[in-house]
Structure formats: structure tokens, C-alpha cells
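Right, one structure below, let's go through it.
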Amino acid sequence: MPWTKITQSDYFEIDDNTEAPTSRRLKYTEAVREALDSALEIDKRVFVMGQGINDPGGMFGATTGLYKKYGEERVFETPLAEAGLTGIAVGAAAAGLRPFYCHNRPDFLMLAMDQIVNHATKLNYMSGGQCNVPLVVWATTGMGWGSAAQHSQALHGLFMHVPGLKIIMPTTPYDVKGLILSAIEDNNPVMIFEHRKLFNQTGHVPEQAYKIPIGKGVVRKTGTDITVVAISEMVAEALKASKKLEEEGISLEIIDLRTIKPFDEDIIINSIKKTGRLLIADTGWATGGVSAEIAARIGEKTFGLLKAPIVRLASEDVPTPASYVLERAFYKNAEDLEKAAKALW
């Protein structure tokens with residue numbers, strides 16, 4: 006079953022306002038499952054491992070049925086031993102296989118930092134390019150369960166600091182399928198951080214296997230007044246806010262980066278040339294985070310184009326609360342983005 010390429014010039018809106026080449030719709034997690042199914046069928050070197058793989062819920066529905074279809078040699082449950090099992094995945098990748106490791110929550114990737122940071126990302130460099138590590142690590146983040154300080158941290162900014170890693174954060178069912186297939190085929194270690202609030206979203210997804218290039222962003226909504234660079238679930242919040250702001254005469258141009266490392270500088274710079282203002286909305290912490298890196302790098306290259314200082318909308322510098330009431334206050338939403346845009350305008 007060969008890879009095929011979608012030829013339309015742009016990708017789907019997160020709220021499905023654009024014309025799609027197919028009427029077929031899937032949930033976000035169903036698109037993840039279909040990507041894994043395609044990869045397992047296409048490439049015998051691919052295997053899927055992780056906690057909850059064989060659970061009836063199948064990693065929020067993302068791996069349901071794959072164990073029965075491909076057997077325990079290629080789709081298997083793992084115990085709570087993140088460091089050792091990540092080491093197994095790194096070793097398997099270095100030996101020529103293509104592991105897809107479901108870590109569930111990024112919080113527990115801390116237990117595997119040595120394997121990821123000192124081994125997966127360094128073997129190609131230290132071997133003079135002789136050893137590739139085509140490893141994909143998949144983790145879910147975000148609000149919704151009252152998961153609190155140790156089970157819902159947005160740590161993508163931490164891994165953004167590490168050379169040798171690619172990091173993707175898809176927002177639509179269409180994007181997640183295409184980006185997962187690109188990640189599995191990539192010869193470098195790739196991390197995927199997905200937001201739980203996106204899992205029940207539905208969207209148009211072609212049945213065939215296709216790839217979306219890592220490192221390419223997309224304009225979800227064109228506008229003239231403020232460029233909004235949104236990460237993961239903040240794309241949806243930005244789209245909500247844009248509708249109210251339009252009524253007040255403020256037009257947002259919303260960019261979904263989809264990949265935060267490497268991120269698409271050109272798409273941001275080209276937008277700023279039009280708007281002159283930049284608002285960055287991230288699901289993680291502000292201090293030393295993704296929004297800080299984007300602001301610094303884009304600010305260096307667009308200083309003469311900016312009509313106002315860059316504004317960042319990200320989590321406060323406190324641990325994630327467990328209370329649902331406090332959780333709603335902790336996570337930024339469309340209302341927060343609307344206020345930030347008004348202040349910038």
C-alpha cells in the first residue's frame with residue numbers, strides 16, 4: 006500500500022469551514038488509530054507499545070482493535086517502567102525498527118529524560134550519521150479530568166530546548182493522521198503532544214495514507230489587524246474569539262503552527278508584514294516556554310515591522326490545579342484571548 010499525497014493547496018479549518026476533498030469524517034482519536042493502522046500495514050518495521058494499548062478504551066480510542074489485528078509482537082502493553090521501556094524503544098529504533106511509544110502523559114516523560122535527551126537525540130550525531138533513531142513518542146496533555154499538578158503538565162516547551170528532536174502538535178483529525186505518518190517515516194526522533202480537548206473533535210479525513218510535512222504551518226483564518234500564532238487547542242479558542250472580535254471591528258489572522266520544532270517562521274513573518282501585530286497563544290507556561298522562543302526569534306526578524314510589542318498568552322507560573330473551578334481559571338480560553346487582542350489593538 007503506497008503513500009499518496011493530498012494535492013489541495015491548503016489544509017482544513019479546525020471548524021471545517023473550508024471545502025474538503027472528502028465527505029468522510031472521523032473523530033480525532035479515530036484519525037490517530039487510522040494513521041497507526043496504515044503505518045503498521047505499510048511498514049513491517051513499525052510497532053506500537055505503551056500503557057493502555059490493549060485497554061478496551063484503547064488509549065482514548067486511538068489504539069482500539071490494533072492488538073487483535075496485528076498481534077502482540079507489533080502492538081503490545083507495557084508496564085509502568087518509563088525509563089527502561091524508552092530505552093528499549095530507542096534501542097529498537099537504532100537497530101532499524103520504527104517504534105511508536107504511547108507515553109500517555111508527558112509528566113512521566115521526566116522518568117525517561119536520559120533516554121530521550123542523552124541517547125535518542127544524540128546517537129546520530131555521535132555516530133557521524135551512521136545511526137538513525139526513527140522513534141515516535143506520543144503523549145497527551147491538557148485539561149478535563151481534574152488531573153492536577155502531576156498528570157496534566159504541558160511540557161512541550163521543555164523538550165523544545167533539546168537539539169535533535171522534532172515536536173508536532175496537531176489540531177485537526179486531518180492533520181494528526183498526516184503528521185503521524187510523516188513522523189513514523191522520519192529518521193529522527195519525533196515527539197507528538199496532543200490536547201485532550203481535541204480528542205472528540207470530528208473532521209474530514211481521506212481514507213488513503215497521506216503525509217503532511219513536518220515544520221509547515223497553516224493559516225486557519227485570514228485577517229488584517231492582528232496575527233495570532235496559536236498552539237494546539239488554542240487554535241480553537243482563537244477561532245472562537247475571532248468571531249466576537251470581528252463584531253467589534255478587529256480582524257485576526259490565525260496561524261496554526263502544527264509543528265513547534267522546527268516551527269514555520271516564514272508563515273508568521275509574512276503575516277506580520279500585513280498586520281504589524283503579533284499575539285502568541287500557547288497551552289503551556291509562559292516562562293521559558295514556546296511563546297517565549299517564538300516571540301524572541303520573530304521579534305528579532307520583524308522588529309521594524311511591528312506596530313506594538315509582541316503579546317504572549319500562556320499559563321501562569323503555578324502548578325496545574327485539580328479543582329475544576331481552578332482548572333478553568335488556570336487554562337487560557339477564548340475570553341482571555343479576546344481581552345489580549347483588544348489590549349494589543
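Heads up, the sequence shown is in the numbering used here, so the first residue is 6 and it goes up one at a time. We put the beta carbon where it would ideally sit given N, CA and C, even for glycine.
Cα-Cα, which of THR325, PRO267, GLN56 is closest to LEU160?
THR325
Does the separation of the CB atoms of ALA144 and PHE65 fall below 9 Å?
no
Is the CB-CB distance between LYS221 and LEU244 below 9 Å?
no
I need the straight-line Cα distance from PRO111 to ALA297, nearest angstrom please.
PRO111 and ALA297 have their alpha carbons spaced roughly 20 Å apart.
Whole-angstrom distance between ASN109 and ARG79, CA atom to CA atom
18 Å
Tell me the residue span of the alpha helix (DSSP H) that contains GLY89.
Run containing GLY89: 87-99, per the alpha helix (DSSP H) assignment.
Among the candidates ARG302, ILE172, GLN213, MET54, whose CA atom is the shortest distance from the CA of THR27?
Considering only ARG302, ILE172, GLN213, MET54, the residue with the shortest C-alpha distance to THR27 is GLN213.
Let me know if HIS200 comes out buried or exposed under the rule of 16 or more other beta-carbons within 10 Å of its beta-carbon.
buried
Per DSSP, which residues does ARG30 bridge with? Please list them.
For ARG30, which the question treats as bridged, DSSP gives the partners HIS209.
Coarse secondary structure for LYS266, derived from DSSP in three states:
strand
Based on Cα-Cα distance, which residue from ILE219, ALA241, PHE268, ILE277 lies nearest to LYS182?
ILE219
ILE299, enclosing beta strand (DSSP E) - first and last residue
If you look at ILE299, you'll find it isn't in any beta strand (DSSP E); it sits in the alpha helix (DSSP H) that goes 295-307.
Shorter than 8 Å, the distance from the beta carbon of ALA159 to the closest heavy atom of the ligand FMN, or not?
What this structure holds is no ligand at all, so the ligand FMN is not there to describe.
Count the other CB atoms, across all protein chains shown, that sit within 10 Å of the CB of ASP119; report buried if there are 16 or more and exposed otherwise.
With fewer than 16 neighbouring CB atoms inside 10 Å of its own CB, ASP119 falls in the exposed class.
If we count the other Cβ atoms within 10 Å of its Cβ and call it buried at 16 or more, is LYS344 buried or exposed?
exposed
Leaving aside the five residues before and after ALA88 along the sequence, list all residues of the same chain whose C-beta is less than 8 Å from its C-beta, in chain order.
LEU116, ALA117, ASP119, GLN120
Cβ-based burial, TRP8 [other Cβ within 10 Å; buried from 16]:
Because TRP8 carries a pLDDT of 45, less than 50, the predicted location of this residue cannot be relied on, and the following value inherits that uncertainty. The residue in question, TRP8, is exposed, as its Cβ has fewer than 16 Cβ neighbours within 10 Å.
From SER256, ALA246, GLU252, ASN192, pick the residue whose C-alpha is nearest to that of GLY134; which is it?
ASN192
Just checking, does the region 302-316 make contact with the region 202-213 on the three C-beta pairs under 8 Å criterion?
no
Hey, ALA98 and LEU140 are a contact pair by Cβ (cut 8 Å); roughly how many whole angstroms apart?
4 Å
With a cut-off of 8 Å on the beta carbons, I'd call GLY162 and VAL295 a contact; round off their distance for me.
5 Å
Segment contact, 8 Å Cβ cut-off, at least three pairs: the region 244-259 with the region 304-317:
no
Tell me, to the nearest whole angstrom, how far the beta carbon of ARG38 is from that of THR83; I am working on the premise that it is less than 8 Å.
Their Cβ separation, rounded to whole angstroms, is 18 Å, which puts ARG38 and THR83 out of contact at 8 Å.
Buried or exposed: which applies to GLN56, given that a residue is buried once 16 or more other Cβ atoms fall within 10 Å of its Cβ?
That one is buried.
Between the Cα of ALA355 and the Cα atoms of LEU203, ILE236, TYR106, PHE113, which residue gives the shortest distance?
Missing from the structure shown is residue 355; the chain here goes from 6 to 350 and no further.
On the DSSP letters alone, give me the boundaries of the beta strand (DSSP E) that PRO314 sits inside.
Here PRO314 belongs to no beta strand (DSSP E), and DSSP marks it neither H nor E.
Alpha helix (DSSP H) runs wholly inside the region 216-281, at least 4 long, in chain order:
239-252, 270-280
Spatial neighbours of LYS10 within its chain, please: C-beta separation below 8 Å, excluding the five flanking residues on both sides.
Per-residue confidence for LYS10 stands at a pLDDT of 42, beneath the threshold of 50, marking its modelled position as unreliable; no derived number is given.
Excluding the 5 residues preceding and the 5 following VAL122 in the sequence, name in chain order all residues of the same chain whose CB lies nearer than 7 Å to its CB.
VAL167
How would you write the range of the alpha helix (DSSP H) that TYR329 sits in, first residue to last?
Unbroken alpha helix (DSSP H) run through TYR329: 329-335.
So, is SER43 buried or exposed, given that buried needs 16 or more other C-beta atoms within 10 angstroms?
buried
Tell me which same chain residues have a C-beta within less than 8 Å of the C-beta of THR280, skipping the five on either side of it?
Only GLY228, THR229, ASP230, ILE231, THR232, GLU258 meet the Cβ criterion.
Looking at ILE285: is its Cβ nearer than 9 Å to the Cβ of VAL316?
yes
Range covered by the alpha helix (DSSP H) that runs through ILE185
From DSSP, the alpha helix (DSSP H) with ILE185 extends over 178-190.
Taking the C-alpha atoms as reference points, what is the distance between MET165 and ILE93?
23 Å
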